[in-house]
Amino acid sequence: MVDAEIRTGNENSAGLTRADYRGAPSTLCQGCGHNSISSQIVAACYELGLVPEKIVKFSGIGCSSKSPTYFLNRSFGFNALHGRMPSIALGGLFADITVKGLGVSGDGDTASIGMGQFKHLARRNMPMVYIVENNGVYGLTKGQFSATAEEGLLLKKQGINTYLPVDICLEALVTNASFVARGFAGDPKQLKNLIKAALSHDGLAVLDIISPCVTFHNKENSYHSYLWGKEHEVQLHDIEFVQARDEITIEDFEPGSSKEVSLHDGTVVLMKKLDKDYDPTNRYEALRILEEAERENTLITGLLFVDPNAKTLFDRYSLPDEPLNRLEPSKLRPSIDALEKINQSLFMK
Amino acid sequence: MVDAEIRTGNENSAGLTRADYRGAPSTLCQGCGHNSISSQIVAACYELGLVPEKIVKFSGIGCSSKSPTYFLNRSFGFNALHGRMPSIALGGLFADITVKGLGVSGDGDTASIGMGQFKHLARRNMPMVYIVENNGVYGLTKGQFSATAEEGLLLKKQGINTYLPVDICLEALVTNASFVARGFAGDPKQLKNLIKAALSHDGLAVLDIISPCVTFHNKENSYHSYLWGKEHEVQLHDIEFVQARDEITIEDFEPGSSKEVSLHDGTVVLMKKLDKDYDPTNRYEALRILEEAERENTLITGLLFVDPNAKTLFDRYSLPDEPLNRLEPSKLRPSIDALEKINQSLFMK
Amino acid sequence: MTKTQNSSEQKLLKKQKIINDFCITFSTVNGSGSATANTTLMRTFFKMGIPVSGKNIFPSNIQGLPTWYTLRLSEKGYLARVEEDDIVVAMNPSTINKEIEYIVPGGVLFYPDDMKFANTRDDIVCYPMPIRKIIKESEVSPSLKDYISNMVYVGILAQMLGIPIDVIQEALRFHFKNKEKPVNLNMDVIGKSSEWAKENLKKSDPYYVEPMQGNEDWIMSDGNTAGALGSIFGGVQFTAWYPITPASSLAESLHEYIPELRTDLVTGKQTSVIVQAEDELAAIGMAIGAGWGGLRSMTSTSGPGLSLMTEFIGLAYYAEIPVVLWNVQRVGPSTGLPTRTAQGDITFVKFMGHGDTDNIMLFPGSVNECFEFGWKAFDIAERLQTPVVVMSDLDLGMNEWMTPKFIYPDQPIDRGKILWEEDLQKMLDKYQNEFGRYKDLDGDGITYRTLVGNLHPKAAYFTRGTGHDEYAKYTEDPKIWEESLMRIKRKFENGKKYLPKPLTKTNNSKSGIICVGSASFPVEEALDILFAENLSFDYMRIRTVPLHDEVIDFLQSHERIFIVELNRDGQLAQLLTLKAPDEAIKFRNITKVDGLPLTAKWIVNEIRKDEEKK
Amino acid sequence: MTKTQNSSEQKLLKKQKIINDFCITFSTVNGSGSATANTTLMRTFFKMGIPVSGKNIFPSNIQGLPTWYTLRLSEKGYLARVEEDDIVVAMNPSTINKEIEYIVPGGVLFYPDDMKFANTRDDIVCYPMPIRKIIKESEVSPSLKDYISNMVYVGILAQMLGIPIDVIQEALRFHFKNKEKPVNLNMDVIGKSSEWAKENLKKSDPYYVEPMQGNEDWIMSDGNTAGALGSIFGGVQFTAWYPITPASSLAESLHEYIPELRTDLVTGKQTSVIVQAEDELAAIGMAIGAGWGGLRSMTSTSGPGLSLMTEFIGLAYYAEIPVVLWNVQRVGPSTGLPTRTAQGDITFVKFMGHGDTDNIMLFPGSVNECFEFGWKAFDIAERLQTPVVVMSDLDLGMNEWMTPKFIYPDQPIDRGKILWEEDLQKMLDKYQNEFGRYKDLDGDGITYRTLVGNLHPKAAYFTRGTGHDEYAKYTEDPKIWEESLMRIKRKFENGKKYLPKPLTKTNNSKSGIICVGSASFPVEEALDILFAENLSFDYMRIRTVPLHDEVIDFLQSHERIFIVELNRDGQLAQLLTLKAPDEAIKFRNITKVDGLPLTAKWIVNEIRKDEEKK
Ligand SMILES: Cc1ncc(C[n+]2csc(CCOP(=O)(O)OP(=O)(O)O)c2C)c(N)n1
Ligand SMILES: Cc1ncc(C[n+]2csc(CCOP(=O)(O)OP(=O)(O)O)c2C)c(N)n1
Ligand code: SF4
Ligand code: SF4
Ligand SMILES: [Mg+2]
Ligand SMILES: [Mg+2]
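Residue numbers (this note's numbering), protein chains in the order written: chain A, 1 to 349; chain B, 350 to 698; chain C, 699 to 1312; chain D, 1313 to 1926.
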């Protein structure tokens, strides 16, 4: 793996240090999975050498949705309404399509109240990163079942959950999201690489990250706990990330032992083969592997699907190079002649 | 096929004639697919000998959602808000779990504004029939693209649709609906049998029916048109429906040539093999066949998936035999002693 | 029956000619394609210089139910609805019996000669029309038959009223964008029908049209088109919407005009984006996201969609995000009458959103004001950093009106207090080297904002609907909460100067009449009628909420005030009461909501009733 | 520092004993488990017969941020918040410096002996507490350490204030449902701490507690539990909800109590169903569906959730469907301060929904009234066939209060005008053999309804939010629309008799004070203070909107009226203005919204300011 930090000492390729990517101190519970994810976001952005001012953070409402305050202080951010991050992000990112959108939501925020907006964001292939910090409960309202809680789960307040869980990756896949991955807050190395890949993808990158809620839902035998995850995680591949500017060595490409996918900006995601042969460019394969994981009771992690060439929402428009929000008023108001023509065309007498 | 009408003359097993199942005259456009569906609902209910007072109709808002006025005059009905049929139906049906819920929605009503409620209804396996009269446009607001409009579709007002369509059957499947079928308004015979099967299923029965909008979207080369459907329909099987009280003959069961599924009330759905071998009790098979249909550009119709034993929403409660809405006030208000106990338990001084 | 068959024919003929001052109602079945015929007639009258207005009363349905289209010709220029018909063209057998009742004595009925109905009136003139026969002779393709049938009445009316055929042709050319084929097809039927009438019908009614000079420099447009154009000239950059009657055509007009008007001449790229959202929750969310990002941003909706936007409007109010919401009002509550008009969302919008809110409303009173408020709304929203709700209605929005031509904005675009990199640096130099998104530096309650993409390392801030301090940081501090909410209140108080003032007409009367929006058409007509009866009133058309002090002055300086509005509860009157409770004792609520635009006649009656009570 | 270290010790000791009349604030970090300690103390005081109230000021966060819990002991029985602390138990190093400032002169500070802070006060008594040491000696498991630390201050306070240890034990037993192990564990630490204090601290402050008889027959409960229990005794059959602070615990109490209270004794089946919905749009939709089907049905929410319910409330208003909505108010607009209290949704709820709407609100003024309105709300909703919004708030809903015990409903369940098969047949025999869902047969605006499952072939009807006639059939007829909307208005006017009347206390004063809900606690205390200053007021607590005529009488019969409420814009005052504009000139708005409950002191000050202006 090519580590920007090692290569450049403390300054990354953008001339910034890790501190430039920090946020305010977290007010989440100690040990909360969400905090680990924030750390990996900081690490990924730092190592990729992204300019924080070129990232815009979005979230909904929940513990997870609070976390954008805890990374990237120098980025704009919008803590929207519960379940409505997608619409705010979509509108906000049209303002300047040269910035990168980075959204953080929760399982309640996305799969309960936010189901509709999430699905439609995916359908539009809105180019942004969409992280779901998935703990199977509503953390901020103190531990009710969310829509991703597994059947049979017993929680202190609510008794047993009798519903089948929503699988966020499945949902993203059937609605044609162009990048779908599953991560685990207890597996930071893989997580960082997934975040890097997501940040480099041109299209909607959905990252469903199992992120235990240590306060309300971390029983060892439950799907969303650290222990269960650690014991049942099956990595689809050993994922590595090669930035456009880095040289790819022969060794990275040991033939037959890895798959690689080139993203639009020239970066390459290398997936070294582990147990299984897996082709992440086939949506149907992804459906199959998820079904298999469910049957085999494993936590499958890795890049499930990517289509680097899918048409994004921005591709459907013909937008200027200059950000829309910097256009001069003169570019916004048509001329007086244009109005005269309109008047004429309206059957003027 | 066993036809109730033939057997009993004009009166069906409930002692009712076809007229008892009629609704008000339709105010939809002549030739609208929705009208054909209304006819088949009338036929199915009549032939099944259902008592109209034991059916409750629900809908959202749209041309499709108007149609419940045009069948089953003797059934209660609720024309809810746009996209909100599921919640109204769920609450309404708890009032008396001995009635059957029959919902009619549109593709806009279900897949655009209604996506969230639809998905969650499926997740709960709410026992009712959920028909989507799917025409790929908003009919009532005069022909804008809906979320099921296919990519590349050209409509008069809006130009070309650049989004991928939502597949309602796929959506129902991944969210664990227990009965998923696709029908075509241009194929009334199959449709009637699908509706009968849906009405006999104990759980959420999602019927995605391609139902052309002749006024705004019936171009011959489009997925939601009569012509395209007629030319590209591939029936998964030849579906027949054997009611609990009917005798099943040897001939129905020609070994190897058909699959049968018994529903909870003892009725049997017989699926005679056509081109392909198909097992409708395997959710993964259903995903596969839908993917195949998309690839092969066909309109696959029939019963895609059924799990007759899935736990329904009502199964999650312990409800009395007497409908809740008929309980005497005395059953609703706990005793004065119970309150005294409560007071005591609240640390009474 | 042949030619004219009315028994009281002689009586009628004695009456004087009525020129350019009557009302024709076309009753048809919706989906039968009568719109072309009706608007062609309207355009024809307009082109003749006759003041004309058209009202389409249509069902919430696509095909087969009754529809009425009323053309009012008014020499004096009144554009309001009238209650009775002078002429009825009855094309719908299922409703003709009722329509006959609405014809004034001495009025006229045109009907297809094969239509069966019971004629209960002997005081009207009836002209049969051989529609089937004429169409048969015209050899049009079967699919066009229904549609072209309507051209028969155009031709017959032309003959009977004296409409110049060449002006009709001009109107048709306009309609068909100069395509010869359809123009000729239609003209052919019109010609034949006119010919037939000339030969077979004897004029025995008093109605005539004549060219006049009633609308020089005016145009024809509906309010939704005007609103869309106004928005485009206001520099709209982002629109998200979801279809709903009667607002859809506003967004659809944006779709229509933006490619032409907002493609950058240099780069060929688009400067304005439209997204059809999955629902109204998303539409307003996208619009607010874009407004936050620094785009002039809007959405349009009505009734149910408006209600769905409630939570987001509260966010924009408190997080201070500019966004324009066109609310083209229809009849509520609930799904109500989706294709009928009302002014029923006034109190709701005022208090929309939980907690203390207070939303700005603009009430356009005419089609050209829809254009004007189209661009002004953005200046106000960006200047005050808050949602601006433009309260149009179905009557204004969907009906085609004659209106003074659109006037080019007389003020430059005002983007409010925005800081880019250099502006920010200057500000930092001046103040304590820290940027505070919600710091009231100017004392007017309006704070400065930076926008997405601003690369200054101090530009970024974090927006939220939760409690925040001057630096946009999360806080639950009681004092800070109270202060920030009070600052916002101050912002609104100070901000009134950016809002269009009410318009007044003074007669030095002791009584006043107040209204908003499209109610002004019948009100202004009523004023004239009352004046003719020696009842004179002063008049104020309010154009915004919050209310200007001028409104209070008006209330104080009159003894009785009639407040005319199209809703049940007197919603405008309620806001006036809250503003000036001491004056409320003078208020007389003239309200009604039945889905139809108000009429001068009804208003006059209501006012007379009150006069009699005195 | 040893024992008492305050320089002005002598001075303080001279002061008289202060018994049962002071205020203790515990400042902790949330998630540190202080709730058990604090409620145990509250319950102990309560059991001693001392009037006590507790207010929890907590952040919108799960762990680590500052939290304050204030216990007020009031011999005279006042339960409102006070602004200053007599005693502070400071367990949070990050806030202690601020808390010191809030202590009254002569007050007391307890603090962990290893906590570092700058003591800026020489007029208070400071007691250090060796928490770490005592815990170490107690050998509790590490995971319980934080939690059990709080028991140290319980023990020390017990010693210093004179709290009987056996009453603490009783409170703990209650808390732990008589489980010996935790009771003993806690009592052990409490005992040791108390012992330590006895040996090491010298009492040099004036605060003492003594048993008294201040709350015979009272209980302890929060308003949400009370609302849930009231609903259960009101026969709730269906609840759909979505979690949101501060409403969640209402639904959670239903989850807790329904299995026991609403399992049918004969069949063993449940007579009340709860569904956790996917959001508030679904929650209110489900509740309305169930209300329509004939179940007593409810939902509960706050702020953002309330806004999301807007469209559906409009449907229920116009389609006339009973449903109860508990709105436990928090600070808005927008996400606002989710864990702070307000009365800020009054005008919004009144006008909630596009079009002309008018919603019924009930304002419970105490915890036991939450119980009472819990059951009454269903009777009203079903009688009037409309949504009823119960306007509670966070202070009432989430804080634990002492309150008179719950009283069994004194009226039988009123299900309103429901027709089952036989009723319907009788009605058909009597009238024209046709059932009309919206036919006003009794002239009171309230019509009859049949319910799902009614097998009578004429029972069925089709419900819609679009225009409908008396038979529930779709229509766009203007007259019918107008009539049906006017009937609904009439229904509300006539329906007032079913609503709880305002409560008044008269002193024959010329000035009056009005408030709603939990504002009554500080207001009633303020009345006593003012009375002691020879300023006497009449007092009215309004309990519903629409307003009764008694409210107008009250307004008319006073010269000045202070309207006290917990919001920015004087929302109740606005509704009073609309009801009686002529009286508005007398109104004095005493309003504030900073997230904290009002205090008598502040109200008195505001009123005094006005007095001085006179
Ligand atoms: C409209 C609305 N409804 C309810 C809430 C209350 N609420 C805040 S956070 C939350 C759930 C958050 O759950 P999730 O998204 O899973 O985030 P987590 O806290 O578990 O990280 C809820 C219901 C709200 N803020 N807005
Ligand atoms: C909240 C809301 N938004 C918008 C509308 C307007 N509206 C009525 S029907 C409809 C679309 C219906 O489309 P679909 O469900 O596909 O039904 P179809 O008419 O095609 O059968 C819309 C957008 C509405 N009634 N309510
Ligand atoms: S409550 Fe759960 S989700 Fe929230 S911060 Fe704590 S551990 Fe994380
Ligand atoms: S508009 Fe389309 S969907 Fe609506 S009734 Fe007509 S054909 Fe059917
Ligand atoms: Mg969660
Ligand atoms: Mg459709």
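Built from N, CA and C at the ideal position, the CB exists for glycine as well.
For clarity, every value in this text was computed on a predicted model and none was experimentally measured.
- Taking 9 Å as the cut-off, the Cβ atoms of C:G1151 and A:R326 count as close.
- Note that the region 1027-1041 of chain C does not touch the region 1671-1678 of chain D; fewer than 3 beta-carbon pairs, one per stretch, sit closer than 8 Å.
- Sorting C:T768, C:P810 and C:T737 by C-alpha distance to the C-alpha of C:L1294 places C:T768 at the top.
- With a cutoff of 9 Å on beta-carbon distance, A:R18 and A:V51 are scored as not near each other.
- The secondary-structure analysis by DSSP pairs C:A980 with nothing; it has no beta-bridge partner.
- No Cβ-Cβ contact shorter than 9 Å links C:F936 with C:A1014.
- Closer than 8 Å to some heavy atom of ligand 6: that describes the Cβ of B:Y487.
- Contact with chain B is found for A:K119, since one of that chain's Cβ atoms lies less than 9 Å from the residue's Cβ.
- When the alpha-carbon of C:S919 is set against those of C:M740, C:K1277, C:S732 and C:D820, the nearest one is in C:M740.
- The beta-carbon distance between D:V1521 and D:M1360, rounded to whole angstroms, is 6 Å. This is short enough to meet the 8 Å contact definition.
- In the structure shown, the three-state DSSP call for C:H953 is helix.
- One alpha carbon belongs to C:E1231, the other to C:F1049, and they sit about 40 Å apart.
- In this chain, the alpha helix (DSSP H) harbouring C:W1073 covers V1065 to L1082.
- Scanning its chain for C-beta atoms nearer than 7 Å, with the 5 sequence neighbours on each side dropped, one finds around C:L1004 the residues N1025 and D1043, in chain order.
- Residues of chain D with a Cβ closer than 7 Å to the Cβ of A:S112 are, in chain order, E1590 and D1591.
- Going by DSSP, D:E1522 is part of no beta strand (DSSP E) at all; its letter is neither H nor E.
- When Cβ-Cβ separations below 9 Å define contact, A:K196 makes no contact with chain D.
- The contact set of C:E1263 on chain D, defined by CB atoms closer than 8 Å, is empty, because the minimum CB distance reaches about 11 Å.
- C-alpha of B:D587 to C-alpha of B:N542: approximately 10 Å in a straight line.
- Counting only runs of 3 or more residues that sit fully inside the region 766-797 of chain C, the beta strand (DSSP E) segments are 783-788, in chain order.
- For B:S667, a Cβ of chain D is located within less than 9 Å of the residue's own Cβ.
- For ligand 2, no non-hydrogen atom lies closer than 8 Å to the CB of B:N474.
- For D:V1905, the neighbours in chain C by C-beta distance under 8 Å run, in chain order, D1054, W1179, E1180 and L1183.
- Separation of D:T1432 and D:I1412 (C-alpha to C-alpha, rounded to the nearest whole angstrom) is 8 Å.
- Taking 8 Å as the upper bound for CB-CB distance, C:S998 and C:A1075 are not in contact here, some 11 Å apart.
- For the region 987-1019 of chain C, the set of positions with a beta-carbon nearer than 7 Å to some beta-carbon of chain D reads G1001, P1002, L1004, S1005, L1006, T1008, E1009, G1012, L1013, Y1015, Y1016 and A1017 in chain order.
- Looking at the DSSP output, C:V1021 sits in a beta bridge with C:P1085.
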